[in-house]
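Comments concern the structure below.
In the working numbering, the protein residues as written are 380 to 607.
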């Protein structure tokens with residue numbers, strides 16, 4: 380693992396379990412962000428002077444993906460056969476699939492919300508730097524094909540850590556953390572790679588929708604102020 384990814388992982392994990400980066404009374408982070416109220420995310424911090432209405436494009440970085448601690452060990456202990464055990468290669472493949480799905484869903488929602496996804500910095504471009512942490516897939520669909528099936532009422536859970544930066548100056552504009560669980564079904568459902576992907580897409584779509592909705596509120600507020 381590259382050193383920068385290791386550092387990013389440690390920082391992100393700290394953010395998911397505490398508000399230690401912030402002054403509890405002032406709600407101020409070490410890098411000048413303040414706690415925003417009324418957010419659907421578990422935690423949202425923004426730069427007070429940031430003008431989000433000035434941005435209409437994004438550079439979407441590849442997300443860092445990390446499983447819940449001891450996830451592989453716990454899954455393998457519960458495996459009913461050697462063929463159902465999760466290998467290191469399986470985990471890397473799942474990380475890659477989640478990262479690809481993240482970009483697919485976020486690009487789709489951003490573009491659907493009127494934003495452009497670009498590759499080069501510019502004054503109207505924000506950098507979106509994401510991480511999927513504490514990934515917990517209840518029943519990963521691995522191993523050789525066979526008659527063995529796993530039934531679950533919930534596909535799993537994960538946490539999103541996201542930062543937004545000005546693409547020209549590198550100034551951080553916002554940071555958010557949110558944890559979500561897949562939908563719980565009233566009856567046991569057969570867990571497959573297809574069903575797991577569908578549930579992951581649903582959670583990612585929720586997160587992407589939260590981002591687009593928040594930015595849309597800002598843009599509408601800016602237009603209202605201009606008319607006033």
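Note that CB positions come from ideal geometry on N, CA and C, so glycine has one too.
Going by beta-carbon coordinates alone, are residue 491 and residue 425 separated by less than 9 Å?
no
Say whether chain C places a C-beta atom closer than 9 Å to the C-beta of residue 458.
Of the chains in the structure shown, none is chain C; there is only one protein chain.
Throw me the rounded Cβ distance for the residue 519 and residue 473 pair, which I believe falls under 8 Å.
7 Å
Helix, strand or coil for residue 535, going by three-state DSSP, please let me know.
strand
Which residue spans inside the region 414–487 form an unbroken alpha helix (DSSP H) run of at least 4?
450–457
If you pair each beta-carbon of the region 476–490 with each one of the region 543–558, do three or more pairs fall below 8 Å?
no
Please list, in chain order, all residues of the same chain as residue 429 whose beta carbon is under 6 Å from its beta carbon, the five residues on each side excluded.
552
Relative to the C-alpha of residue 440, which candidate in 496, 465, 535 has its C-alpha closest?
496
Where residue 408 sits in the DSSP three-state scheme:
strand
Using alpha carbons as the reference points, say which of 450, 457, 550 lies closest to residue 537.
450
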